[in-house]
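K.L.:
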Amino acid sequence: MKLGRAGGAALALLGAFALVAAAAALGLVGADYHGFVAEPYAPPGPGLWLGADALGRDLGARVLQGTRVSLLVGVVASLLTLALGGLLGGLAGLRGGWVDRLVIALTDAVAAIPPLITLLGFCLVLGPGVSSVILAIALSQWTGICRSVRAEARRLRRADFVRAAEAMGAGWPHLLRVHLLPHLAPLLLTSAVLYFVHAIKVEALLAFFGQSSQELPSWGLLLAECGSELSRGIWWPLVGASAPLALLTLAAQVVADRLADPPGAR
Amino acid sequence: MTRSALAGRLVGALVTLALVVVIVFGIAGALADPAVIALGGGAPVDEVARLRHAWGLDRPWQVRLGELAWGLLHLDLGLSRIQQAPVSALIGRALAPTLAYALPGILLALALALAGGLAAARRPGGPIDRLVNLSATLLLSTSSVIVVLAAHGLLARRLGLFPIIGWPLVGSDAAAAGLVVLPALTWALLQLGPDLRHFRALFVRELDAPYLDGLRSRGIAEARVLGHALRGASGPILARLAARLPHLVVGSLVIEQVFNIPGIGGLALTALRTGDLALVEGLALLLALVTIVGQLLLDLAAAALDPRLAAGGER
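So the protein lines, in turn, are chains Y and F.
One point on numbering: in our numbering, the residue at position 132 of the first sequence is 132, and numbering is uninterrupted.
Position in the second sequence (from 1) plus 1000 gives the number in our numbering.
(1) What's the gap between the Cα of F1203 of chain F and the Cα of R1064 of chain F?
(2) Excluding sequence positions up to five away, which residues of its chain have a Cβ less than 6 Å from the Cβ of Y195 of chain Y?
(3) For A153 of chain Y versus G97 of chain Y, is the C-beta distance shorter than 9 Å?
(4) Rounded to a whole number of angstroms, what is the C-alpha to C-alpha distance between L1283 of chain F and A1268 of chain F?
(5) Please list, in chain order, the chain A residues whose beta carbon lies closer than 7 Å to that of A105 of chain Y.
(6) Please report the residue range of the alpha helix (DSSP H) in which P186 of chain Y lies.
(7) With 16 other CB atoms within 10 Å as the buried threshold, where does P1060 of chain F fall?
(8) How far does the alpha helix (DSSP H) with G220 of chain Y in it reach, from first residue to last?
(9) Tell me the DSSP bridge mates of A57 of chain Y?
(10) Compare the C-beta of T1137 of chain F against all C-beta atoms of chain Y and say whether one is closer than 9 Å.
(11) Ignore the nearest five residues each way along the sequence and tell me which others in F1199 of chain F's own chain have a CB closer than 6 Å to its CB.
(12) Please state whether the Cβ-Cβ distance between L1149 of chain F and V1254 of chain F is less than 9 Å.
(13) Would you list the one or two residues that DSSP bridges to L1079 of chain F?
(14) Flag this pair as yes or no: are the beta carbons of A241 of chain Y and V110 of chain Y separated by less than 9 Å?
(15) Keeping to the same chain, check which residues put their C-beta closer than 8 Å to that of V1036 of chain F; ignore five residues upstream and five downstream.
(16) On the premise that L1068 of chain F lies in contact with A1278 of chain F, defined as a C-beta separation below 8 Å, what is that separation, rounded to the nearest angstrom?
(17) Q214 of chain Y and P115 of chain Y look like a contact to me (Cβ under 8 Å); what is the Cβ gap, rounded to whole Å?
(18) If you draw a straight line from the alpha carbon of L1212 of chain F to that of A1120 of chain F, how long is it in whole angstroms?
(19) How would you write the range of the alpha helix (DSSP H) that R147 of chain Y sits in, first residue to last?
(20) Between which two residues does the alpha helix (DSSP H) containing T1186 of chain F stretch?
(21) Tell me which same chain residues have a C-beta within less than 7 Å of the C-beta of L1190 of chain F, skipping the five on either side of it?
(22) Would you call the segment 14-26 of chain Y and the segment 202-210 of chain Y touching, i.e. three or more CB-CB distances under 8 Å?
(23) Which residue comes first and which comes last in the alpha helix (DSSP H) that contains H1247 of chain F?
(24) Mapping DSSP to helix, strand and coil, what is L3 of chain Y?
(25) Is the beta carbon of G66 of chain Y closer than 9 Å to that of V221 of chain Y?
(26) F209 of chain Y and Q1257 of chain F: beta carbons closer than 9 Å?
(27) Any idea what DSSP makes of G45 of chain Y, helix, strand or coil?
(28) Could you check whether the segment 1012-1022 of chain F touches the segment 1286-1294 of chain F, counting it as contact only if at least three pairs of C-beta atoms, one from each stretch, sit closer than 8 Å?
(29) How should V255 of chain Y be labelled, buried or exposed, when 16 other C-beta atoms within 10 angstroms of its C-beta is the threshold for buried?
(30) Enumerate in chain order the residues of its own chain whose CB-to-CB distance from L50 of chain Y is below 7 Å, with the five nearest sequence positions on each side excluded.
(31) According to the neighbour-count rule (16 or more other Cβ atoms, all chains shown, within 10 Å of its Cβ), is E1314 of chain F buried or exposed?
(32) Just confirm the distance between the C-beta atoms of P1163 of chain F and L1179 of chain F, as a whole number of angstroms; I'd bet it's less than 8 Å.
(33) Excluding the 5 residues preceding and the 5 following L72 of chain Y in the sequence, name in chain order all residues of the same chain whose CB lies nearer than 7 Å to its CB.
(34) Please state whether the Cβ-Cβ distance between E229 of chain Y and Y41 of chain Y is less than 9 Å.
(35) I'd like to check one pair, W1187 of chain F with A1319 of chain F: are the Cβ atoms closer than 9 Å?
(36) If you compare alpha carbons, which of F:P1097, F:N1260, F:A1201 and F:R1081 is closest to A1136 of chain F?
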């Protein structure tokens, strides 16, 4: 697969984020993220490369630990969204009839409720936490991929090889796995990366309102804690939390764009 | 749109709406107990039971769903027990502050995205196209939290170019017009990334159409040719606007939080923080209604603008 120079660089950057998250999870970097080690809002300096937050905790360590939350939510939520939407869409497209009509009606109904309200509603009902955020994202975002997979499945249902398989008695799980999945692979891959970007942005948004991880610091939470101190000249919390968030989403977005529209294909 | 197609569309919208009611009622009823949420997780059992009885939650679900549906037919969304006020009144009060910044913002974003997309699509791969693509990618991949905090922190607080709040405080007689400028601009910026991309792709396809070459070969001025392209693409443009409707009425949670605007997003946040399930349900139902009706109206408008759709043809 050819991603071009920008795509390759973006992919390498994503790999670097994964390494940082793994190192932070193992305690190799940013291990002391909840100890009070400095004066509140101590500026960046030797030993404290990103300064301190409002309570005097090492901001650099907290930013490094935040990578874990973002990557976890991004990966799990995007996979769950794809699985849910893909299965429902594939089922509807292959089976047709009342199953199709039911799935379409369900998709329309879920898509009609503004996603932000769904997200907040799930957070209220399930309580704050990483797993609530992941579930809320998956249960509110599956409609898009469901519609695309359904359209593709309907097109394929009329193909000769699918009808031949059906004539030999293949059921829809077999059709889904053997005939639909290979055709959908490019679409699913691109959508996975786009949902990854979206999930990370949603996590930051929910964390900003205190609904995400309660143990680990998340970038959205860091932004909420110190985002308003910019007017006093305290720039390091805002920059420290938003730079990795922006870089991660930008890298993933570039990869998704290159996957959808490979350089040299035009 | 033919009469039977219109009838089908109306029935479809009603079915969707009914399903939304059932889904919202079902999920809220299956996953959570408003009494437990209101009292907190550690509340004693008899205390919860007393509240459930007082709120009528111990009646069978058929009765409660029927009551909800009956209320909806009268546009009554029930009562917020936490705020001691009808849900529809709370939402009605919050609508103006949200629309005050969201409507100008969304129109501005639409105009900018149409102009930018058209300019980029005239020479795909050219310098304007690359600039538009780059800014769309940057805007698209930046979290709304960062954009809003940076706009508020830098432009309003640090440089003092704009007021730091987005709506007059209670009891103040300041005019809202000056206050909503920065929230509206920020809101436009948040919408611009995806819209730019969408309209660029749309116009790249539309400008390839043979009828535009036909117009040019007859010596029609380029500006008028582009006007024709704009009308030719009116269906997808309106469809895009329909897809944006929910954003318009909900607004942005972050903007309303940071600029202290008492709008719909702020109302949803209050509901979340106080555990007001009835308010969240009411918001979901009302906003779904707005979305469905809006889509219906924009479909009709698209059919009126594009005779190919009115004749029952496909685009």
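Note that the Cβ used here is the ideal one computed from N, Cα and C, for glycine as well.
From a predicted model like this one, the values you see are computed outputs, not experimental measurements.
P.N.:
So, to answer that:
(1) Approximately 50 Å between the Cα atoms of the pair.
(2) So the qualifying residues of the chain are S78 and T81.
(3) Not a contact, by the Cβ cut-off of 9 Å.
(4) Taking C-alpha positions only, L1283 of chain F is separated from A1268 of chain F by approximately 8 Å.
(5) Annotation note: the requested chain A is absent from the structure, which comprises protein chains Y and F.
(6) L181 to F208 is the span of the alpha helix (DSSP H), which, as asked, contains P186 of chain Y.
(7) P1060 of chain F is classed as exposed because its beta carbon has fewer than 16 other beta carbons within 10 Å across all chains shown.
(8) First-last of the alpha helix (DSSP H) with G220 of chain Y: W219 to C226.
(9) What sits at residue 57 of chain Y in the sequence shown is Arg, not Ala. Residue pairing from DSSP places R57 of chain Y in a beta bridge opposite Y:F36.
(10) Interface criterion met: the Cβ of T1137 of chain F is under 9 Å from a Cβ in chain Y.
(11) So the list reads A1113, L1114 and G1117, once near-sequence residues are dropped.
(12) Inclusion of L1149 of chain F and V1254 of chain F in the CB contact set at 9 Å is warranted, their separation being smaller than that value.
(13) Under DSSP, L1079 of chain F shares a beta bridge with F:P1086.
(14) Contact flag unset, no.
(15) Here V1036 of chain F has A1043 and V1048 as same chain residues with Cβ atoms under 8 Å from its own Cβ, once five neighbours each way along the sequence are excluded.
(16) Between L1068 of chain F and A1278 of chain F the Cβ distance is about 10 Å, and since that is not below 8 Å, they are no contact.
(17) About 23 Å separates the two Cβ atoms, so there is no contact after all.
(18) A direct Cα-Cα distance of roughly 17 Å separates L1212 of chain F from A1120 of chain F.
(19) Here the alpha helix (DSSP H) through R147 of chain Y covers T143 to R157.
(20) Note, T1186 of chain F: alpha helix (DSSP H), V1181 to E1206.
(21) Cβ within range, chain order: S1144, V1147 and S1252.
(22) Segments in contact, no.
(23) S1234 to V1250 is the extent of the alpha helix (DSSP H) around H1247 of chain F.
(24) L3 of chain Y falls in the coil class under three-state DSSP.
(25) Contrary to the premise, residue 221 of chain Y reads as Leu rather than Val in this sequence. Contact: yes.
(26) A contact, by the Cβ cut-off of 9 Å.
(27) Looking at G45 of chain Y - three-state DSSP - the assignment turns out to be strand.
(28) With three or more CB-CB distances shorter than 8 Å, the segment 1012-1022 of chain F counts as touching the segment 1286-1294 of chain F.
(29) Flag for V255 of chain Y reads buried.
(30) Taken in chain order, the residues that qualify are P44, L59, G60, V63, W236 and G240.
(31) A caution first: E1314 of chain F carries a pLDDT of 48, below 50, which makes its placement in the model unreliable, though a value can still be read off. By the 10 Å Cβ count, E1314 of chain F comes out exposed.
(32) Indeed, because the Cβ distance is near 5 Å, the residues count as touching under 8 Å.
(33) Hits under 7 Å: V130.
(34) In this structure, Y41 of chain Y lies closer than 9 Å to E229 of chain Y by Cβ.
(35) The structure shown does not extend to residue 1319 of chain F, since chain F is modelled only from 1001 through 1315, so no value can be given for it.
(36) A1136 of chain F has its Cα closest to that of F:A1201, out of F:P1097, F:N1260, F:A1201 and F:R1081.
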